[in-house]
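See structure below.
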Amino acid sequence: MFSSDVIQRLADCQKVAVLTGAGVSAESGISTFRGVGGQWDKLDPMKLATPEAFAKDPKFVWEWYEARRRQVAEAKPNIGHEVLAGMENFFSQFTLITQNVDRLHHQAGSHHPIELHGSLWMVRCMAGCGEWEDRHELVDLPPKCPHCGALLRPGVVWFGEGLPPEAWEEAEKAAVECEAFLVIGTSALVYPAAALPEQALKRGKLVLEINPEETPLSSKVGLSVRAKAGEALFSLRDELEKVASVDNKQKGGAQ
Ligand code: BV8
Ligand code: ZN
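First residue of the sequence shown: -10, per the numbering used here; consecutive thereafter.
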């Protein structure tokens, strides 16, 4: 799946950044963004995940989000999330950037996933009382703020909305400063997130893609592996650990 040259180059890196998309959570049973599964298939998320859709029919949009919250509440992190969480110990500077809003990276043990598009579990008062985490099943849809009674909205970034500035800055810095950039389970269609691997590419960094399908990035990266995230990351961890043990033996031998 990965050539020994790519494995050695990656193993020699100190600073590695990763961008994940919905494909990483697909093996946890969460349908990818463009197919939330069930009754929502007929709807276009591009039209639902917008401030306009929410203004027009907050109840309907909340029904969509609450259906996704319930799907995520049942989901568990998969081997792909776990391998990525473990990579924090393999590289001295490992930055995990995600477009996903399901918080499965947190559940798998990643210490500081950068959430570019917010989280399904966050709710925000439209009148400005603030934002907080709420995992309860929302019975009254649309939910109202317990402090001021105004409408609550999902704490996600909708199309046409800016990304959280601090998250974006941290992600962009990682894409510029990394030695290797991994792009996993994303259609690479949504901007500005999709511009991050391009930042690494134009600086000549090693960029690897893992996706069972081709994406607009596939022809530009150093290596595009046609595989599911779980199997590819499992094999990548295996290969990296083999190289690390050989390196340690050689260093140990040299002492
Ligand atoms: C902004 C949160 C400006 C909500 C999301 C024209 C009209 C209108 C807008 C635009 C336009 N052109 C460009 C834009 C900008 C727009 C954009 O990029 N649109 C694209 C689609 C054309 N971007 C924005 O609007 C952004 N904001 O630009 O604002 C601005 C700036 C300053 C101030 C004010 C305004 C905001 C974008 C964020 C939108 N919110 N999510 C919610 O979740 O409800 S984006 C949404 O799509 C999800 O977060 C998702 O993560 C993201 C990207 O999708 P993917 O993660 O890639 O998922 P997808 O389903 O597409 O693909 C899954 C992939 O996995 C596939 O490739 C598949 O092959 C692969 N896969 C499947 N199984 C596996 C697998 N891979 C590995 N293993 C497997 N097992
Ligand atoms: Zn309020």
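Backbone N, C-alpha and C fix where the C-beta goes; we use that ideal spot for every residue, glycine too. Please read all numbers here as calculations on a predicted model, not as lab measurements.
task: Tell me, to the nearest whole angstrom, how far the beta carbon of residue 222 is from that of residue 73; I am working on the premise that it is less than 8 angstroms.
output: What you label residue 222 is simply residue 233 of the sequence shown in a count that begins at 1. What you label residue 73 is simply residue 84 of the sequence shown in a count that begins at 1. Correct: roughly 7 angstroms between the Cβ atoms.
message: So, for residue 156: in the same chain, excluding its five sequence neighbours on each side, which residues have a beta-carbon less than 7 angstroms away from its beta-carbon?
response: Here residue 156 is taken as the residue at index 167 of the sequence shown, counted from 1. Excluding residues within five positions, the ones whose Cβ falls inside 7 angstroms are 103, 104, 105.
- request: Work out the CA separation of residue 181 and residue 107 for me, nearest whole Å.
  value: Position 118 of the sequence shown, counted from the start, is the residue given in the question as residue 107. Position 192 of the sequence shown, counted from the start, is the residue given in the question as residue 181. The straight-line gap from Cα to Cα measures roughly 14 angstroms.
Burial state of residue -1 (16 or more Cβ within 10 Å): Locating residue -1 in the sequence shown gives position 10, where the first residue counts as 1. Its Cβ being crowded by 16 or more others within 10 Å, residue -1 is buried.
- prompt: Which residue's Cα is closest to the Cα of residue 170: 178, 184, 179, 158?
  reply: On the sequence shown, residue 170 is found 181 positions in, with the first residue counted as 1. Residue 170 has its Cα closest to that of 184, out of 178, 184, 179, 158.
message: With a threshold of 8 angstroms (Cβ to nearest heavy atom), would residue 35 be considered close to the ligand BV8?
response: Taking the sequence shown and counting its residues from 1, one reaches residue 35 at position 46. Yes, the Cβ of residue 35 comes within 8 angstroms of a heavy atom of the ligand BV8.
message: Rounded to whole angstroms, what is the Cα-Cα separation between residue 97 and residue 132?
response: Within the sequence shown, the letter at position 108 stands for residue 97. Within the sequence shown, the letter at position 143 stands for residue 132. For residue 97 and residue 132, the distance between alpha carbons rounds to 29 angstroms.
- prompt: How many Å lie between residue 285 and residue 7 at the Cα?
  reply: Since the first and last residues shown for the chain are -10 and 244, residue 285 lies out of range.
- prompt: With DSSP run on the structure shown, which of helix, strand or coil describes residue 232?
  reply: In the sequence shown, the residue the question calls residue 232 occupies position 243. Residue state, collapsed to three classes: helix.
- request: Between the Cα of residue 50 and those of 204, 143, 173, spot the shortest distance and give me the residue it belongs to.
  value: As a position in the sequence shown, residue 50 is number 61, starting the count at 1. The shortest C-alpha separation from residue 50 is found at 143.
- prompt: Which residue spans inside the region 56 to 122 form an unbroken alpha helix (DSSP H) run of at least 4?
  reply: 68 to 75, 93 to 96
DSSP-derived helix/strand/coil call for residue 170: Here residue 170 is taken as the residue at index 181 of the sequence shown, counted from 1. Three-state DSSP puts residue 170 in a strand.
message: Can you tell me whether residue 263 sits near the ligand BV8, meaning its C-beta is under 8 angstroms from at least one heavy atom of the ligand?
response: Only positions -10 to 244 of the chain appear in this structure, which leaves residue 263 out of reach.
- prompt: Regarding residue 148 and the ligand BV8, is the C-beta to nearest heavy atom distance less than 8 angstroms?
  reply: Residue numbering aside, residue 148 sits at position 159 when the sequence shown is read from its first letter. Yes; taking the cut-off as 8 angstroms, the Cβ of residue 148 has a heavy atom of the ligand BV8 nearer than that.
query: What did DSSP end up calling residue 143 once you bin it into helix, strand or coil?
result: Counting from one through the sequence shown, the residue named residue 143 turns up at place 154. Reduced to three states, the DSSP call for residue 143 is strand.
Residue span of the beta strand (DSSP E) that contains residue 213, given as start and end: For the purposes of this step, residue 213 is identified with residue 224 of the sequence shown, where counting begins at 1. Segment 212 to 214, the beta strand (DSSP E) holding residue 213.
query: Based on Cα-Cα distance, which residue from 191, 150, 220 lies nearest to residue 206?
result: Position 217 of the sequence shown, counting from 1, holds the residue named residue 206. If we check each option's Cα against that of residue 206, 191 comes out closest.
task: Pull every residue with its beta-carbon under 6 angstroms away from any heavy atom of the ligand ZN, and keep them in chain order.
output: 114, 116, 118, 134, 136, 137, 139
- request: Check whether the Cβ of residue 176 lies closer than 8 angstroms to any heavy atom of the ligand BV8, and answer yes or no.
  value: The count along the sequence shown starts at 1 and reaches residue 176 at position 187. The answer is yes for residue 176.
message: Can you tell me where the beta strand (DSSP E) holding residue 4 begins and where it ends?
response: To locate residue 4, count along the sequence shown from 1; it is residue 15. Start and end: 4 to 9.
message: For a test of your reading of the model: does the CB of residue 173 fall under 8 angstroms from any non-hydrogen atom of the ligand BV8? Yes or no.
response: The residue you call residue 173 lines up with position 184 of the sequence shown. Yes, the beta carbon of residue 173 sits closer than 8 angstroms to at least one heavy atom of the ligand BV8.
task: If I'm right that residue 112 touches residue 91 with Cβ under 8 angstroms, what's the distance once you round it to whole angstroms?
output: Position 123 of the sequence shown, counted from the first residue, corresponds to residue 112. Position 102 of the sequence shown, counted from the first residue, corresponds to residue 91. With a Cβ gap of about 15 angstroms, residue 112 and residue 91 do not count as contacting.
query: Hey, is residue 191's beta-carbon within less than 9 angstroms of any beta-carbon in chain B?
result: Included in the structure is just one protein chain, with no chain B present.
- prompt: Residues bridged to residue 197 by DSSP?
  reply: As a working note, residue 197 is residue 208 in the sequence shown. DSSP, once it has assigned bridges, lists 171, 212 as partnering residue 197.
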